[in-house]
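Notes follow the structure.
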Amino acid sequence: MASKQQIVSVLDEADKEAKRSAKEQNTLFRDGASQLDGYSRISRHQTGHAIDYVVYDESGKVTWGFSYYEQVSWAFKQAARELGVPIKWGGDWTSFKDGPHIELDRQVYS
1 MASKQQIVSV LDEADKEAKR SAKEQNTLFR DGASQLDGYS RISRHQTGHA IDYVVYDESG
61 KVTWGFSYYE QVSWAFKQAA RELGVPIKWG GDWTSFKDGP HIELDRQVYS
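Here it is in structure tokens:
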């Protein structure tokens, strides 16, 4: 399990590359990787309020297995609670499960 310091480090690094352009977001939308087109529906990635991350399995390969992302989300959530930073994990959404997605709570960070 990741430590709070590791999570904070990941978030600091992600912030440097977190913002997506409308064009980048639209490409993801057209590829079916997002429900937001980047123009009429703006992504939290475009405002720098969200990151996507990858998880490596036991053999060191990137995995898209949901359970891996769920485990990492627990570390993100615990670190966020300890730091007093409300976040949302995409895997908790009901309509579009987005395991690799973490965003700052829009009710606090707009």
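For the sequence shown, position 45 matches number 45 in full-length UniProt numbering, and the numbering has no gaps at all. A virtual CB, placed ideally from N, CA and C, is assigned to each residue, including glycine.
Rounded to the nearest whole angstrom, the C-alpha separation of alanine 80 and proline 86 is 6 Å.
Residue state for glutamate 82 is assigned as helix, using DSSP reduced to three classes. With contact defined as three or more Cβ pairs closer than 8 Å, the stretch 90 to 106 and the stretch 49 to 68 are in contact. For aspartate 92, the secondary structure class from DSSP, reduced to helix, strand or coil, is helix. Looking at the backbone, the Cα of glycine 38 and that of threonine 63 are separated by about 26 Å.
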